[in-house]
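> The structure under discussion is supplied below as structure tokens; questions concerning it will follow.
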Amino acid sequence: PDSPLARWTKSLHSLLGDQDGAYLFRTFLEREKCVDTLDFWFACNGFRQMDLKDTKTLRVAKAIYKRYVENHSIVSKQLKPATKTYIRDGIKKQQIDSVMFDQAQTEIQRVMEGNAYQMFLTSEVYLEYL
Amino acid sequence: IDSEDDLLQECISSAMPKTK
Chain H
18 PDSPLARWTK
28 SLHSLLGDQD
38 GAYLFRTFLE
48 REKCVDTLDF
58 WFACNGFRQM
68 DLKDTKTLRV
78 AKAIYKRYVE
88 NHSIVSKQLK
98 PATKTYIRDG
108 IKKQQIDSVM
118 FDQAQTEIQR
128 VMEGNAYQMF
138 LTSEVYLEYL
Chain D
69 IDSEDDLLQE
79 CISSAMPKTK
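Encoded structure:
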């Protein structure tokens with residue numbers, strides 16, 4: 018009853034909290050050409066755990082912004098304009114805080130839950146694993 | 069000094085699940 022597979026179908030969160038599940042979902046997204054959404058989701062989690070006093074943290078915030086938010090990437094297209102503006106302002110003013118990507122992460126997560134996650138559960142990658 | 073890509077990769081990896 019508590020097999021990994023049972024957990025994966027419970028929620029996107031349980032899938033991503035499992036090593037095999039996250040790996041398999043990543044494989045699926047690579048095939049669908051939208052693996053950036055998952056990398057962004059993990060980057061937001063990683064960023065939240067960083068030490069704000071560490072100079073590295075500002076560089077990571079900038080890197081996340083440049084790679085996923087400021088361009089026309091798949092992540093950027095799924096974010097609300099206000100969310101992008103909020104992040105851009107924080108980066109510009111070098112005012113970073115641990116939760117600055119939280120809203121963006123939530124938006125991306127909702128899209129994944131309603132779309133990629135559902136598709137994954139009926140995908141070849143998943144069924145082959147079963 | 070690490071490149072931006074390395075820092076980003078490190079950040080992503082740090083958040084990936086390590087155990088089942």
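Chains H and D are the protein sequences, given in the same order. Taken in order, the first sequence gives residues 18 to 147; the numbers are from my numbering. Taken in order, the second sequence gives residues 69 to 88; the numbers are from my numbering. Glycine is no exception: its CB is placed at the ideal position from the N, C-alpha and C atoms. Predicted model only: the values in this text are computed from it and were never measured.
Assuming contact is defined by CB atoms lying nearer than 8 Å, are Leu33 of chain H and Phe45 of chain H in contact in what I supplied?
Contact: no.
> Under 9 Å, CB to CB, which of the residues in the stretch 59 to 83 of chain H have a partner in chain D?
Hits within the stretch, in order: Phe59, Ala60, Cys61, Asn62, Gly63, Phe64, Arg65, Gln66, Met67, Lys73, Arg76, Val77, Lys79, Ala80, Ile81, Lys83.
> Using the C-alpha atoms, what's the distance from Tyr146 of chain H back to Gln112 of chain H?
Between Gln112 of chain H and Tyr146 of chain H, the C-alpha separation is close to 44 Å.
> CB-CB under 7 Å to Gln135 of chain H, same chain, minus the five flanking residues each way: which ones, in chain order?
Hits under 7 Å: none found.
> Assuming Leu22 of chain H and Glu130 of chain H make a contact with CB atoms under 8 Å, what is their CB distance in whole Å?
Not quite, the Cβ-Cβ distance comes to about 18 Å (not below 8 Å), so this is no contact.
> With distance defined between alpha-carbon atoms, name the residue in H:Cys51, H:Ala80, H:Lys109, H:Thr139 nearest to Ala126 of chain H.
The identity of residue 126 of chain H in the sequence shown is Gln, whereas the question assumes Ala. With distances taken between Cα atoms, Gln126 of chain H lies closest to H:Cys51.
> On the criterion of 16 or more Cβ atoms from any shown chain inside 10 Å, does Tyr17 of chain H qualify as buried, or is it exposed?
For chain H, the structure presents residues 18 to 147; residue 17 of chain H sits outside this window and is missing.
> Quick check on DSSP: helix, strand or coil for Gly63 of chain H?
If DSSP states are grouped into helix, strand and coil, Gly63 of chain H belongs with the helices.
> Inspect the beta-carbon positions of Tyr85 of chain H and Phe59 of chain H and report whether they are closer than 8 Å.
Their beta carbons are not under 8 Å apart, which means Tyr85 of chain H does not touch Phe59 of chain H by this criterion.
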